Structures are given as C-alpha cells and as structure tokens.
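Asker: Let me give you the structure first, and then I'll get to my questions.
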Ligand SMILES: [Zn+2]
C-alpha cells in the first residue's frame with residue numbers, strides 16, 4: 015500500500031531546534047487552516063516533555079489561546095494539543111479571507127499574549143473529574159509557568175527574527 019506522505023514526515027527532525035514553525039496551510043474556499051508546530055524540545059538531543067508537563071500545559075495554553083483569540087477578527091482557534099512524540103504541540107487556527115503575509119504578525123502577538131495570560135492564571139483550568147478525562151495526572155501552576163517561560167523565549171526569538179522558524183526538509 016502506498017501511503018500518502020504526511021507533510022511532517024518530510025521534515026528533517028535531526029536538524030530542528032526549538033521554535034514555532036508554520037507546518038502547513040490547508041485551503042478550502044475562503045478559509046485557510048494554519049497548523050503551527052510549536053516545538054519545545056530538540057528531537058534526540060533533549061528529553062521529551064513529561065506527561066505531567068504536557069497535560070498541564072495543554073490545559074493552560076488551550077484556555078489562554080482561546081481567550082486571547084476571542085477578539086481577533088476573522089480567526090478562530092480550532093485546536094491546541096501535544097504531539098505524540100512529546101517534543102511539542104500543534105496549534106491549529108482557521109482564518110477567513112486573510113492574506114498569508116498577515117499570519118506572522120497576528121500569530122506572534124497571539125502567542126505572546128497567551129504566554130502573558132498564563133502568567134496571570136491562579137490555577138490550572140478544568141482540573142477536575144467533570145472537565146478532564148484524567149485530571150489526577152495534571153500538575154500545578156509551577157509546571158505550567160516553567161513551560162510558559164520556555165515558550166515565551168522561543169516566541170521572543172521568533173519576533174526578533176521577524177518570521178516563523180524554518181524547517182529543513184528531507185530530499186525526495
Ligand atoms: Zn485533561
């Protein structure tokens with residue numbers, strides 16, 4: 015069986031640092047779905063993100079990014095969650111009638127605002143048996159804040175360079 019290659023399987027994971035990468039853009043009519051690869055560990059050089067940190071940061075960042083995106087016109091957050099390889103997260107957004115050269119400005123601000131929002135959180139959102147499928151594996155705000163500061167450093171670097179981080183692709 016010939017499998018249709020996923021875009022991310024064409025990325026050279028041996029030559030990748032921490033960063034925010036624009037993984038792909040899927041267009042359907044006037045909606046573009048943008049997938050960001052929020053890579054928080056260097057594959058094979060740094061230890062993967064622990065289950066506790068991944069789950070805790072998922073709750074905090076998913077809440078933060080949705081709240082921060084509420085007033086952005088023509089954009090909606092579709093999804094935020096961890097990668098199976100435990101080296102980062104995917105952030106998926108839908109844009110309506112928005113030029114691609116606007117993505118960086120909108121998304122770098124959204125990521126920065128979301129980090130600062132987490133710094134103001136008093137507790138990990140939805141840390142209970144009704145709102146989460148496995149809440150006892152969640153850590154506290156100390157873990158979320160440590161992860162947030164690591165992401166904020168990556169976002170600041172991205173803003174300084176004026177563009178998303180760039181993948182190195184495998185040769186066909
Ligand atoms: Zn949960």
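Residue numbers (the numbering used here): 15 to 186.
For glycine and all other residues, C-beta sits at the position ideal for the given N, C-alpha and C.
Keep in mind that this is a model prediction, so the values were computed, not measured.
Taking the C-alpha atoms as reference points, what is the distance between residue 27 and residue 57?
Answerer: Those two C-alpha atoms are separated by around 6 angstroms.
Asker: Secondary structure at residue 122, three-state DSSP: helix, strand or coil?
Answerer: Residue 122 falls in the helix class under three-state DSSP.
Asker: How long is the line joining the alpha carbons of residue 145 and residue 155, rounded to whole angstroms?
Answerer: When rounded, the distance between both Cα atoms is 17 angstroms.
Asker: How should residue 177 be labelled, buried or exposed, when 16 other C-beta atoms within 10 angstroms of its C-beta is the threshold for buried?
Answerer: The residue in question, residue 177, is exposed, as its Cβ has fewer than 16 Cβ neighbours within 10 Å.
Asker: Between residue 149 and ligand 1, is there a pair consisting of the residue's CB and a ligand heavy atom that are separated by less than 7 angstroms?
Answerer: True, at least one ligand heavy atom lies under 7 angstroms from that Cβ.
Asker: Counting C-beta neighbours from all protein chains within 10 Å, is the total for residue 150 16 or more, i.e. buried, or is it exposed?
Answerer: Classification of residue 150: exposed, given that the 10 Å Cβ count is below 16.
Asker: I need the DSSP call for residue 49, collapsed to helix, strand or coil.
Answerer: Strand, per DSSP.
Asker: Assuming the contact rule is C-beta atoms closer than 8 angstroms, residue 101 and residue 62 should be a hit. Round their C-beta distance to whole Å, please.
Answerer: So it is a contact: roughly 6 angstroms between Cβ atoms.
Asker: Going by other Cβ atoms of all chains shown within 10 Å of its Cβ, with 16 needed for buried, is residue 117 buried or exposed?
Answerer: It is buried - the Cβ of residue 117 has at least 16 other Cβ atoms within 10 Å.
Asker: Does residue 21 pass the burial test, meaning 16 or more other C-beta atoms within 10 Å, or should it be called exposed?
Answerer: Classification of residue 21: exposed, given that the 10 Å Cβ count is below 16.
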